[in-house]
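Mapped onto our numbering, the consecutive letters of the sequence shown carry residue numbers 14 to 536.
Note that CB positions come from ideal geometry on N, CA and C, so glycine has one too.
It should be emphasised that the depicted structure is a prediction, and the values quoted were computed from it without experimental measurement.
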Amino acid sequence: MMPLFRPGAIIVPESEGFLHMDRMLPRCTPEEAGIASKTLENLLDALEDTGTEMHGLMIARHGKVCAEGWWAPYAPNLVHGDQSLTKTYTITALGLLHDEGKLELEEKLVDIFPQYMPEVISENLQAMTVRNLMSFGSGVEQMVSIADADWLRRFFALPVTNPPGSSFFYSGVCTAVGGAIVRERTGMGLIAYLTPRLFDKIGIDASHIKTIYTGDGLEYGGGGFFTTTEDNLRLMLLYARGGLWDGERVLSGEWCREVTSKQIDTASEAAGNPGVTDNFMGYGLQCWMCKPHGAYRADGAMGQFAIVVPTSDLVISINETADQSKLQHQKVLDTIWTQLLPHVTDEPLPPNPDACAHLTTRLRSLCLPRPLFTAVSSLASTVSGKTYQLAENSAILLPAATFMAYGLENRGIRDFSLVFSDADTALLHWTQKDAKLNCRIGLSGNDAVNQGRYGPAGLKWLHASGGWESPDTFCFRLRMVESCFSKTVRIRFEAKGCMFIIEAPVANPGEPVGTMEIPGVRI
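Below is the structure:
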């Protein structure tokens, strides 16, 4: 019985390889960047000690990448769910629109979208500007579903409770309205508009970006992008450089200053998110201010960060799955502030090839921890190929991105079967309401890599690995490696039935965090 604890490697076709190889960012050693390799080793230890699940990390100083690593099965060439980090891409699109003379921050929404306005326009709605909208000072304190085809009209029908600019209310719908402004003024969606003006210029391959759409077919600018760790680093390097890239003006310095300067007070966050102390520092335009003086960040749920620290000329890009209920995302920020920033020097450090080599080896071998399983059980042949019907339930087996594809009406796992065909792989079949689905589960210590089209963003890769946790319990984990989300499933087999147990380590959209137990009978 071999314990499955070896790290799994991701298998990705060559077509998914590194992007824009001819436009790679320059690299240097940590010591050349004024950071000791040992400091970065300590940083890795401290990040992992926060309890978060790290996926990717890149650090650039003076425009050169001095450290980069991904925790297998995550990899540099995989896109990753941005969640609200998407907002900073959207505000960049509005900046380009501004630089082309097609938009002003003080323009009123009633003038941009007269066709979507209610019959009676309140004084507060009449006063709402683009600046109010994009600093989350719209005065609206309710949300609408972006899945609704008429979401834009429904947004403007909401009461504007407070005078615009007077109070902060975080809303991805406001950002989605910003994306709709791009469409209104150009006739183009966000990706099409950004590709020649931003992505092509700063070395982001737009063909690999995936996105979730609003009900009327627009890319969801409030949280729908899937980009790489390096894409996000490049975006914020542009802001760190004041809008210049390789000597070319991509975005005006004026716009960069507006985005990265405090526009509105966020004291209300102390009541709503009392432990997230970096959120108390104020908000720019789709960009958070940070505790270190002058620092700012693009920020997405569960710890998607692209941080700029101007006083140290540092840009840090992070992908992870942080449990926000445990404040892991704030702990990660605090770790950057305390374990990295104080140790950055103004001048390069003397070379330290041994320490640098040790760090490089570690960065290249990062992996997520694996649970201990045994590969086989005497029960495997008994249950293999048998179908188990589950009690009525509202469960969805695949992680979050597929929830958005199937929708609420497709909740409920009806039945499943496991086929143990060989020592290395099990095949899981299940019925998600009326849909017949299957995936391979690796049993040899590595993930089985399932390729498909998952969710409205068209995510490609579903990883699955597992084994026998005990003689009667088979356990496996499903991981959508282009997102933050995974699920662990334990099937405890009984004489004539089973208990099907689903555990979500963090909340998937529309689903509670925690454990769901569903009894089943063999049929």
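If you follow the beta strand (DSSP E) that residue i is in, where does it begin and where does it stop?
| i | result |
| --- | --- |
| residue 394 | First-last for residue 394: 393–396, but that is the alpha helix (DSSP H), not the beta strand (DSSP E). |
| residue 8 | Outside the displayed range of the chain (14 to 536) lies residue 8, so it cannot be described from this structure. |
| residue 445 | 438–445 |
| residue 237 | From DSSP, residue 237 is part of no beta strand (DSSP E); its letter is neither H nor E. |
| residue 74 | 66–74 |
| residue 63 | Segment: none, residue 63 is in no beta strand (DSSP E) and carries neither H nor E. |
| residue 145 | That residue, residue 145, is in no beta strand (DSSP E); its alpha helix (DSSP H) goes 143–147. |
Measuring CA to CA, which of the options is closest to residue i?
| i | options | result |
| --- | --- | --- |
| residue 169 | 438, 203, 123, 143 | 123 |
| residue 174 | 162, 199, 140, 201 | 140 |
| residue 84 | 257, 46, 211, 331 | 331 |
| residue 66 | 339, 388, 369 | 339 |
| residue 488 | 114, 496, 431 | 431 |
| residue 187 | 206, 145, 221 | 145 |
| residue 255 | 98, 265, 481 | 265 |
| residue 275 | 307, 260, 167, 341 | 307 |
| residue 183 | 292, 171, 159, 500 | 292 |
| residue 131 | 116, 103, 155, 172 | 172 |
| residue 40 | 76, 364, 428 | 76 |
| residue 137 | 497, 460, 177, 120 | 177 |
| residue 5 | 513, 273, 111 | It is not possible to answer for residue 5, since the shown part of the chain is limited to 14 through 536. |
| residue 508 | 290, 490, 532, 111 | 532 |
| residue 289 | 258, 341, 273 | 341 |
| residue 54 | 452, 376, 392, 114 | 376 |
| residue 153 | 167, 459, 161 | 167 |
| residue 211 | 104, 310, 385, 449 | 104 |
| residue 46 | 364, 535, 491 | 364 |
| residue 347 | 368, 305, 372 | 305 |
| residue 382 | 366, 426, 459, 349 | 459 |
For residue i and residue j, I'd like the C-alpha separation in whole angstroms.
| i | j | result |
| --- | --- | --- |
| residue 235 | residue 279 | 19 Å |
| residue 142 | residue 59 | 43 Å |
| residue 268 | residue 129 | 27 Å |
| residue 443 | residue 37 | 43 Å |
| residue 416 | residue 237 | With a pLDDT of 47 at residue 416, under the threshold of 50, the modelled position of that residue is not reliable, and the figure given next carries that caveat. Residue 416 and residue 237: Cα-Cα distance of roughly 14 Å. |
| residue 227 | residue 356 | 44 Å |
| residue 326 | residue 263 | 19 Å |
| residue 394 | residue 485 | 12 Å |
| residue 196 | residue 519 | 34 Å |
| residue 441 | residue 410 | 11 Å |
| residue 205 | residue 232 | 10 Å |
| residue 527 | residue 516 | 6 Å |
| residue 80 | residue 73 | 7 Å |
| residue 190 | residue 165 | 7 Å |
| residue 219 | residue 163 | 28 Å |
| residue 48 | residue 243 | 20 Å |
| residue 397 | residue 429 | 11 Å |
| residue 499 | residue 406 | 19 Å |
| residue 469 | residue 257 | 34 Å |
| residue 192 | residue 535 | 50 Å |
Give the DSSP-derived three-state secondary structure of residue i in the structure shown.
| i | result |
| --- | --- |
| residue 317 | strand |
| residue 253 | helix |
| residue 309 | strand |
| residue 36 | helix |
| residue 478 | strand |
| residue 472 | strand |
| residue 49 | coil |
| residue 108 | helix |
| residue 263 | coil |
| residue 219 | helix |
| residue 489 | strand |
| residue 135 | coil |
| residue 380 | strand |
| residue 102 | helix |
| residue 185 | helix |
| residue 519 | coil |
| residue 537 | A query on residue 537 cannot be resolved here, the shown segment of the chain reaching from 14 to 536 and no further. |
| residue 498 | coil |
| residue 454 | strand |
| residue 513 | strand |
So, under 8 Å CB-CB, residue i and residue j are touching, yes? Tell me the CB distance rounded to an integer number of Å.
| i | j | result |
| --- | --- | --- |
| residue 281 | residue 180 | 7 Å |
| residue 478 | residue 455 | 4 Å |
| residue 322 | residue 354 | 7 Å |
| residue 251 | residue 215 | 6 Å |
| residue 44 | residue 361 | 6 Å |
| residue 316 | residue 333 | 4 Å |
| residue 118 | residue 271 | 7 Å |
| residue 345 | residue 253 | At roughly 20 Å, the Cβ-Cβ gap does not stay under 8 Å, so residue 345 and residue 253 are not in contact. |
| residue 198 | residue 116 | 6 Å |
Are the C-beta of residue i and some C-beta of chain B separated by less than 7 Å?
| i | result |
| --- | --- |
| residue 108 | Protein chains in the displayed structure number just one, and chain B is not present. |
Check for me: the alpha helix (DSSP H) holding residue i runs from which residue to which?
| i | result |
| --- | --- |
| residue 373 | 366–377 |
| residue 165 | 164–170 |
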